[in-house]
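These notes concern the structure reproduced below.
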Amino acid sequence: MDSLQARKIFPDESNLEKKRGRVTAYVGAVDKLKAKVLEGQSALKEDLTEQDFRQFMNQESESIVALAAKNKLILPENFAFGLDAYKQGKPFLKGAIGRLEWQLNAAKQFIKIAADSGIDSIDEFNRDEFQEENKAVEPKEEKSSSRRSSSRGNSSRTSKRDKPSDNPMAGADQVMETYRVTTEITGSYESLTAFLNGLASDKKSFLWVRKIRIENEKQESPRIGEIPLPVPPKDDNADAAAADADADADDVAAAADGGGW
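Taken in order, the sequence shown gives residues 922 to 1182; the numbers are from this note's numbering.
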C-alpha cells in the first residue's frame, strides 16, 4: 500500500498530451483512409426516378434469375435482391433511390460471383434497410438494430442456429457508408473457397466478409469404407521393376530346386 501511494499519479499533463497527439494522428489516418475509399466509389444517381428504378429492378431480377439457371445456382423463390418490400408496393423515398441502386448492383455482383464459383444454392438473402428508406430515421447509435428486408428459399433444410443480433460493421460508418447483407449458402468446400476469393478480389464492388459460420452437411465423420479413397496413378516403371524382381525370384527358386536334385 505504501508503495502504491508513493508512485506518481496518472494521468498527468505529460501523458495527456501524448494521448491527444495519438488521437489526432489516428483521426488524420481515418480521414485519409476515407478519402482513399471514396476514390473508388461509383457516383450516386441522385436524379434517378422511382419509375426508372422499378424498371431497372425488374430487368435485373429477370437477368439474374436467368444467369443463376444457366449456372445451376438455386435462388430463393421470387428473388428480388432483398428488395422484396418494394416489389410488394412499398413507396420509394427520394433520398433512398440512389443508394438502393448501389445496393442492387452490389447484390447482383454477389450473385454473379456465387454462380461463377459453383455454389449450389443461396438459401437466404437479407439486407439491412438504411435510414433514408424510412421517414422515421433511427438514431445513429441504434443503426445496428435496423430492420431487414429478406429473401428466403423454400428449402426444407432449416438453420439450426439463432440469427446474430449484433452488427459486426458497427463503427465502420466513420470511414465509409456500409450496407450489410447476410446470406446462407450451400456448396462444396471448393466452391466456397472460390466464392470467398472472388468476393475479396472483385474489382467492380467493394465487398468483404465480416463474419462466417461453416456448418458441415453431415455432423458425423464417415466410417471406414463409406467414401472411396483415391487410387494412386499407375507407374509403368514400377510394374517393370516388379516383373524383374519376380523373374529373379523364379531364377533363385529354380537354382534352389536344381541344387536339391
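Note that beta-carbon positions come from the ideal geometry of N, C-alpha and C, so glycine has one too.
Distance, Asp-1041 Cα to Ala-1115 Cα: C-alpha separation (whole angstroms): 13 Å.
Cβ-Cβ separation, Val-1102 to Ala-1028 (assumed contact under 8 Å), whole Å: About 7 Å; that satisfies the 8 Å criterion.
For Thr-1099, the three-state DSSP class (helix, strand or coil): Correct three-state label for Thr-1099: coil.
Nearest to Trp-1129 (by Cα), restricted to the options Ile-1148, Asn-999, Ile-1034: If we check each option's Cα against that of Trp-1129, Ile-1034 comes out closest.
Buried versus exposed, by CB contacts within 10 Å (16 or more), Asp-1007: The sequence given here has Tyr at residue 1007, not Asp. Counting Cβ neighbours within 10 Å, Tyr-1007 comes out buried, since at least 16 surround it.
Buried or exposed by the 16-neighbour rule on C-beta atoms within 10 Å, applied to Gln-1140: With fewer than 16 neighbouring CB atoms inside 10 Å of its own CB, Gln-1140 falls in the exposed class.
Proximity below 7 Å, CB of Leu-965 to CB of Gly-1019: A Cβ-Cβ contact shorter than 7 Å links Leu-965 with Gly-1019.
Proximity of Thr-1107 and Phe-1046 at Cβ, strictly below 7 Å: In this structure, Phe-1046 does not lie closer than 7 Å to Thr-1107 by Cβ.
Proximity below 7 Å, CB of Gly-1039 to CB of Ser-982: Judged by beta-carbon spacing, Ser-982 lies beyond the 7 Å limit of Gly-1039, meaning their Cβ atoms are not closer than that value.
Chain-order list of residues whose beta-carbon lies under 7 Å from that of Glu-1053 (same chain, five-residue window excluded): In chain order, Leu-1014, Gly-1016, Ala-1017, Arg-1020 place their CB closer than 7 Å to the CB of Glu-1053, counting only its own chain and leaving out the 5 sequence neighbours on each side.
Buried or exposed (CB count within 10 angstroms, at least 16 for buried), Glu-1022: The residue in question, Glu-1022, is buried, as its Cβ has 16 or more Cβ neighbours within 10 Å.
Glu-981 (DSSP reduced to helix, strand or coil): If DSSP states are grouped into helix, strand and coil, Glu-981 belongs with the helices.
CB contact flag (Ile-1032, Ile-985, <7 Å): In this structure, Ile-985 lies closer than 7 Å to Ile-1032 by Cβ.
Gln-972 burial status per 10 Å Cβ neighbour count (16 or more: buried): By the Cβ-count criterion, Gln-972 is exposed, with fewer than 16 other Cβ atoms from all chains shown falling within 10 Å of its own Cβ.
Rounded C-alpha distance that separates Gln-1030 from Lys-1011: Those two C-alpha atoms are separated by around 24 Å.
Where Asp-923 sits in the DSSP three-state scheme: DSSP places Asp-923 in the helix class (H, G or I) of the three-state scheme.
Length of the line joining the Cα atoms of Leu-1117 and Lys-1124: Cα to Cα, the separation comes out at about 14 Å.
Complete beta strand (DSSP E) runs within the segment 1098-1158 (minimum length 3 residues, chain order): Annotation: the segment 1098-1158 contains the following complete segments of the beta strand (DSSP E) (minimum length 3 residues), in chain order: 1102-1107.
Inside the segment 933-960 only - alpha helix (DSSP H) runs reaching at least 4 residues: Counting only runs of 4 or more, we get 934-960.
Local conformation of Asp-968 per DSSP, three classes: Coil, per DSSP.
For Glu-1022, the first and last residue of its enclosing alpha helix (DSSP H): Start and end: 1018-1038.
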